[in-house]
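Student: Residue numbers (my numbering): 85 to 171. One structure, as structure tokens, below. Some questions next.
Next comes the structure, spelled out in structure tokens:
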């Protein structure tokens, strides 16, 4: 997975108009694990009820649990078939 962070003059501008200030290539497993850990830490530190006040949206519990479930299932699949190429 390629992740690119552009700096844009206007937030609605197309990514190609920005200046790349950071980029990385990571395996999807690394990205999913980092997202899960970060949201778990936010929930632990602030609580789900305070999330909306701080970030203006409801805590994405359903989406987080869907990501966690998919990540765990893929880990089990890879463990059962270690020679299979990563997806």
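For glycine and all other residues, C-beta sits at the position ideal for the given N, C-alpha and C.
In the structure shown, what three-state DSSP assignment does residue 104 receive?
Tutor: Reduced to three states, the DSSP call for residue 104 is strand.
Student: If you reduce the DSSP assignment to three classes, tell me which class residue 91 lands in.
Tutor: The answer is strand: DSSP assigns residue 91 an E or B state.
Student: Helix, strand or coil: which one does DSSP assign to residue 129?
Tutor: Helix.
Student: If you draw a straight line from the alpha carbon of residue 102 to that of residue 113, how long is it in whole angstroms?
Tutor: The straight-line gap from Cα to Cα measures roughly 28 Å.
Student: Figure out for me which residue from 165, 138, 162, 117 has the closest Cα to the Cα of residue 148.
Tutor: That would be 117, whose Cα lies nearest to the Cα of residue 148.
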